[in-house]
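Q: Chains as they are written, first to last, in the numbering used here: chain A, 110 to 336; chain B, 121 to 169; chain C, 347 to 576.
Structure in structure tokens, see below.
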Amino acid sequence: MSGGRQIGAIVKKDIIAELRTKEMVVSMFLFVLLIMVAFHYGFGTTTDFSPFAGGLIWIAFLFTSLLGLNRSFVHEKDEGCLEGLLLSPVDRPNIFFGKMIGNFIFLTIVEIIAVPLYLVMLNLSIRGSVPMFILAIVLSNIGICVVGTLLSTISINTKMRDMLLPLIYLPISSPILICAVTSTNGIMGGVTGEKFAPVISAMKILAAYDIMFLLVAYALYDFVIGE
Amino acid sequence: MKDQLPYVVGVYMGIWVVLLGYVFIVNNKLSGLKKELGALSKAVEKKNK
Amino acid sequence: MIMKKAITILLGIGSVLLLTGIAYAFLVAPIAVDPNTGKEVFHQKILYFHVPVAETSLVSFILAAVFGALFLYKRERKYDFLSLAAVELGFMYGLLVEMTGMMWDKAAWGVWWQWEPRLTTYLILMLMYSGYFVMRSSIGEDSTKARFGAVYAIIAAVNVPLTFFAIRLIPSIHPILFDSSGAGLEGPLLVAFLVSMFGMTFFYVSLLLTRYQMFGVSEELDILKNQIGG
Numbered sequence: 110m111s112g113g114r115q116i117g118a119i120v121k122k123d124i125i126a127e128l129r130t131k132e133m134v135v136s137m138f139l140f141v142l143l144i145m146v147a148f149h150y151g152f153g154t155t156t157d158f159s160p161f162a163g164g165l166i167w168i169a170f171l172f173t174s175l176l177g178l179n180r181s182f183v184h185e186k187d188e189g190c191l192e193g194l195l196l197s198p199v200d201r202p203n204i205f206f207g208k209m210i211g212n213f214i215f216l217t218i219v220e221i222i223a224v225p226l227y228l229v230m231l232n233l234s235i236r237g238s239v240p241m242f243i244l245a246i247v248l249s250n251i252g253i254c255v256v257g258t259l260l261s262t263i264s265i266n267t268k269m270r271d272m273l274l275p276l277i278y279l280p281i282s283s284p285i286l287i288c289a290v291t292s293t294n295g296i297m298g299g300v301t302g303e304k305f306a307p308v309i310s311a312m313k314i315l316a317a318y319d320i321m322f323l324l325v326a327y328a329l330y331d332f333v334i335g336e
Numbered sequence: 121m122k123d124q125l126p127y128v129v130g131v132y133m134g135i136w137v138v139l140l141g142y143v144f145i146v147n148n149k150l151s152g153l154k155k156e157l158g159a160l161s162k163a164v165e166k167k168n169k
Numbered sequence: 347m348i349m350k351k352a353i354t355i356l357l358g359i360g361s362v363l364l365l366t367g368i369a370y371a372f373l374v375a376p377i378a379v380d381p382n383t384g385k386e387v388f389h390q391k392i393l394y395f396h397v398p399v400a401e402t403s404l405v406s407f408i409l410a411a412v413f414g415a416l417f418l419y420k421r422e423r424k425y426d427f428l429s430l431a432a433v434e435l436g437f438m439y440g441l442l443v444e445m446t447g448m449m450w451d452k453a454a455w456g457v458w459w460q461w462e463p464r465l466t467t468y469l470i471l472m473l474m475y476s477g478y479f480v481m482r483s484s485i486g487e488d489s490t491k492a493r494f495g496a497v498y499a500i501i502a503a504v505n506v507p508l509t510f511f512a513i514r515l516i517p518s519i520h521p522i523l524f525d526s527s528g529a530g531l532e533g534p535l536l537v538a539f540l541v542s543m544f545g546m547t548f549f550y551v552s553l554l555l556t557r558y559q560m561f562g563v564s565e566e567l568d569i570l571k572n573q574i575g576g
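What follows is the structure, given as structure tokens:
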């Protein structure tokens, strides 16, 4: 099988498993909603969330992604699927890309439903360009899934298992959080001219982050997944 | 200058305490390990004889 | 035995240079003057220790990643020991950076912590490398420990510049009173700084070698213990 078809097969397997149980997308979605309610009570009587709109959205998505990332490998490990995958003649980096694309799809589905809900229920609006907003979200999602898949493979092979993932994932994903918040805040606030420069550089850093970690993951995944 | 002096002194003292403390602890542990290693290797030699 | 001699000599040179640096900073170098207000800034003396410590810790994290890569490539235990020793020392130096940085903030602006970009970067680095130790301690096998340790050291080192640039995006609330990057140093101030810098490097190499030696000895000890037990 060629590399593309190997990746496709793994993605397809994940999607079929998800369609049967629907547990990952549903629980991630409920989690996002619960965080939204928590925000409402956490900020007391505040009704104007627009100054920290990006912060709210990305805190919610980052923690939601943790939920999905943990699941994606706990599943494989518990059912003994990981051994099966390793025994099959699939290149190790392709396992990574397959799992990463699967995580990316699930996270994106949750976000497609959750972003409009957040906009409506927290009275937010996108004053800047919508395509830029989507680009910022996609770039951040790629980063989250690349680093998350890489680190969840590490954490699943330790004794602490899913307890370890937040401890190593949150600090390493901090550039994503900073850049995603900066860019989405700028776009949602509709800033123009000189104030738009940080938004552009945040997006550039996000792109650099994605590329760097894709390369790192490609080079190191052989060593991570076990020999 | 006067109100900044305690902080500057604090920094220099603090760093020396930490660095020298580290050197002391590591060397102490190292010599302890070496002693244990010597004793054990003697015991192993005896056992082999 | 050569190792032991080298460690002692390096430690000696490092200490002498560091002490010279301090003496030079306090006795010879004039008190720095803030170019904006014309006032003397005595707390700038912290710089002669703060910046060498910070740079040593960054070098240490990069070394950890390099040794990690070497371990993955050559599979020799000694590279894992070196990588672990470098992370440990980088972490200790990082804590010193935080401490001195907070002292600087307090002396300059009257608050202990104000989310200054460089110090915030260090805070995130510290959290990142705490994860390294937690991860290592939650793995049973030595070979897996070394493998994941090496991978994580590389990931974390790649993340260092990204974090630094990302944090720079958020505008700092406070004006820069004195260019603490050391770029504005001239004459005696520069001499004091460079002497401290070299001193810290020698000191660091000596500590790294000591820690490395310690891992070697404790590994030998484990092997012997296993022989007796088995």
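A virtual CB, placed ideally from N, CA and C, is assigned to each residue, including glycine.
Because the structure is a prediction, the values reported are computed rather than measured.
1. Ordered along the chain, which non-local residues of its own chain (more than five positions away) have a Cβ less than 7 Å from that of residue 247 of chain A?
2. Would a C-beta distance cut-off of 9 Å place residue 490 of chain C and residue 266 of chain A closer than the cut-off?
3. If you draw a straight line from the alpha carbon of residue 150 of chain B to that of residue 553 of chain C, how long is it in whole angstroms?
4. For residue 157 of chain B, which option in C:573, C:572, C:574, C:566 has the closest C-alpha, if you only look at C-alpha atoms?
5. Excluding the 5 residues preceding and the 5 following residue 177 of chain A in the sequence, name in chain order all residues of the same chain whose CB lies nearer than 7 Å to its CB.
6. With 9 Å as the threshold, decide whether the Cβ of residue 429 of chain C is near any Cβ in chain A.
7. Taking C-beta pairs closer than 9 Å, name the residues in chain A that residue 356 of chain C reaches, listed in chain order.
8. Apply the 10 Å Cβ neighbour rule to residue 462 of chain C and answer buried if 16 or more other Cβ atoms are within range, or exposed otherwise.
9. So what does DSSP say about residue 131 of chain A, is it helix, strand or coil?
10. Which of helix, strand or coil does DSSP assign to residue 269 of chain A?
11. Tell me whether the region 400-407 of chain C and the region 430-450 of chain C touch, counting them as touching only if at least three CB pairs, one residue from each stretch, are closer than 8 Å.
12. Residues in its own chain within less than 6 Å of residue 472 of chain C by CB, not counting five upstream and five downstream?
13. Give the straight-line distance between the Cα atoms of residue 376 of chain C and residue 391 of chain C, rounded to the nearest whole angstrom.
14. Contact between the region 280-300 of chain A and the region 487-505 of chain C: three or more CB pairs below 8 Å?
15. When you compare only the Cα positions, how much space is there between residue 129 of chain A and residue 259 of chain A?
16. Quick one: grab the DSSP three-state call for residue 534 of chain C.
17. From residue 407 of chain C to residue 291 of chain A, what distance separates their C-alpha atoms?
18. Note down, in chain order, each residue of its chain lying with its Cβ closer than 8 Å to the Cβ of residue 451 of chain C, except the 5 sequence neighbours on either side.
19. Just how far apart, CA to CA, sit residue 493 of chain C and residue 423 of chain C?
20. Can you tell which of A:222, A:119, A:113 has the C-alpha that lies nearest to the C-alpha of residue 339 of chain A?
21. Determine, using beta carbons only, whether residue 154 of chain B comes closer than 9 Å to chain C.
22. Is there at least one Cβ from chain C nearer than 9 Å to residue 169 of chain B's Cβ?
23. Less than 8 Å between the CB atoms is what I'm expecting for residue 411 of chain C and residue 500 of chain C, so what's the real figure, rounded?
24. Hey, is the region 136-155 of chain A in contact with the region 219-231 of chain A, meaning 3+ C-beta pairs nearer than 8 Å?
25. Below 8 Å, can you find three or more Cβ-Cβ pairs linking the region 542-556 of chain C to the region 360-368 of chain C?
26. The ligand FMN heavy atoms versus the CB of residue 502 of chain C: any closer than 8 Å?
27. For residue 540 of chain C, would you say it is in contact with chain A, using Cβ-to-Cβ distances shorter than 9 Å as the test?
28. What residue from A:193, A:162, A:158 has the CA that sits closest to residue 122 of chain A's CA?
29. What are the residues of the region 480-511 of chain C that lie near chain A, defined by any Cβ-Cβ distance shorter than 8 Å?
30. Against chain A, with Cβ distances strictly below 9 Å, would residue 474 of chain C count as a contact?
31. For residue 559 of chain C, return the contacting residues in chain B, with the cut-off set at a CB-CB distance below 7 Å.
32. Here's the rule: buried if 16 or more other CB atoms are within 10 angstroms of the residue's CB, otherwise exposed. What is residue 569 of chain C?
33. Please report the Cβ distance between residue 308 of chain A and residue 320 of chain A, rounded to the nearest whole angstrom; I am assuming they are in contact, meaning their Cβ atoms lie under 8 Å.
34. Is it true that the CB of residue 513 of chain C sits closer than 9 Å to the CB of residue 287 of chain A?
A: To lay it out plainly:
1. none
2. With respect to the 9 Å criterion, residue 490 of chain C and residue 266 of chain A are classified as neighbours on the basis of their beta carbons.
3. One alpha carbon belongs to residue 150 of chain B, the other to residue 553 of chain C, and they sit about 12 Å apart.
4. C:566
5. 133, 137, 212, 215, 216
6. no
7. Per Cβ cutoff of 9 Å: no residues; residue 356 of chain C is ~32 Å from chain A at best.
8. Burial check for residue 462 of chain C: the Cβ neighbour count within 10 Å reaches 16 or more, so the residue is buried.
9. coil
10. coil
11. yes
12. 440
13. Rounded to the nearest whole angstrom, the CA to CA distance from residue 376 of chain C to residue 391 of chain C is 10 Å.
14. yes
15. The straight-line gap separating the alpha-carbon atoms of residue 129 of chain A and residue 259 of chain A is approximately 26 Å.
16. helix
17. 28 Å
18. 457, 458, 459, 460, 462, 465
19. 10 Å
20. An answer regarding residue 339 of chain A cannot be provided, because it is not within the stretch 110 to 336 covered by chain A.
21. yes
22. no
23. Yes, residue 411 of chain C and residue 500 of chain C are in contact; Cβ-Cβ is about 5 Å, under 8 Å.
24. yes
25. yes
26. The ligand content of the structure shown is nil, which means the ligand FMN is not present either.
27. no
28. A:193
29. 480, 481, 484, 485, 486, 490, 493, 494, 496, 497, 498, 500, 501, 502, 504, 505, 508, 509, 511
30. Chain A contact via Cβ: present.
31. 150
32. exposed
33. Taking C-beta atoms under 8 Å as the contact rule, residue 308 of chain A and residue 320 of chain A fail to qualify, at a distance of about 19 Å.
34. yes
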